[in-house]
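Count the sequence shown with our numbering and you get residues -3 to 143, in order.
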Amino acid sequence: APYTCYFKQANFEMTVASPETLVTKDGEQIATYPLAGTRRRGRTPAEDQQLAHELQTSPKEIAEHNMLVDLGRNDLGQVAKFKSVRVTNLRRLIRYSQVMHLGSRVAAEVAPTTTALQVLAATFPAGTLAGAPKIEAMTLINHYEQV
-3 APYTCYFKQA NFEMTVASPE TLVTKDGEQI ATYPLAGTRR RGRTPAEDQQ LAHELQTSPK
57 EIAEHNMLVD LGRNDLGQVA KFKSVRVTNL RRLIRYSQVM HLGSRVAAEV APTTTALQVL
117 AATFPAGTLA GAPKIEAMTL INHYEQV
């Protein structure tokens, strides 16, 4: 996976491997990068292009991606300066060796008293993992996937 991280607190450890960046914080800028919509890579350049076109024009994939972009906007809105959330690179095609995805960037200016841990808490888990609406999805996941 292109992105990995390790996070440790006194009573909690987490290791992550993902093609998707959950969240970044660079100074006052925060961003999340939802990936939703997937196709395999083609065996030939022509097939690859056909599969990319199929992915980029699929009403189902576009709707699912837009839903997760909206969820990312909501997540960042919890920790961002008022009216600073914006979407860039909406539904751009991202190619990896075996698959391709639709990806977007949702960015904002972090609210003045917000910590990096609060930014992480607002975005975790990613909507691409939990689904939407996130709170109900997490309630069901916690019920059925006892850890």
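Using N, Cα and C, we set each Cβ at its ideal position, and we do this for glycine too.
These numbers were taken from a predicted model, which means no experiment stands behind them.
Within 10 angstroms of the beta-carbon of residue 96 lie 16 or more other beta-carbons, which makes it buried. In the three-state reduction of the DSSP assignment, residue 89 falls in the strand class, which pools E and B. Annotation: residue 83 to residue 106 spans about 15 Å, alpha carbon to alpha carbon. Membership of residue 56 in the alpha helix (DSSP H) is indicated by the continuous run 55 to 73.
Secondary structure remark: continuous beta strand (DSSP E) runs of at least 3 residues inside the region 110 to 139: none found. The region 50 to 64 and the region 85 to 100 touch, with no fewer than 3 CB-CB distances between them shorter than 8 Å. Excluding sequence positions up to five before and after residue -1, its CB lies within less than 6 Å of the CB of 14 and 17, all in the same chain and listed in chain order. In the DSSP assignment, residue 17 falls outside any beta strand (DSSP E) and carries neither an H nor an E.
Looking at the DSSP output, residue 97 shares a beta bridge with 34 and 90.
Within the DSSP secondary-structure output, residue 82 pairs in a beta bridge with 103. The C-beta distance from residue 115 to residue 65 rounds to 18 Å, too long to meet the 8 Å contact threshold. Annotation: the continuous beta strand (DSSP E) that includes residue 5 extends over -1 to 5. Excluding sequence positions up to five before and after residue 109, its CB lies less than 7 Å from no other CB in the same chain.
Here residue 25 carries a strand assignment [DSSP, helix/strand/coil].
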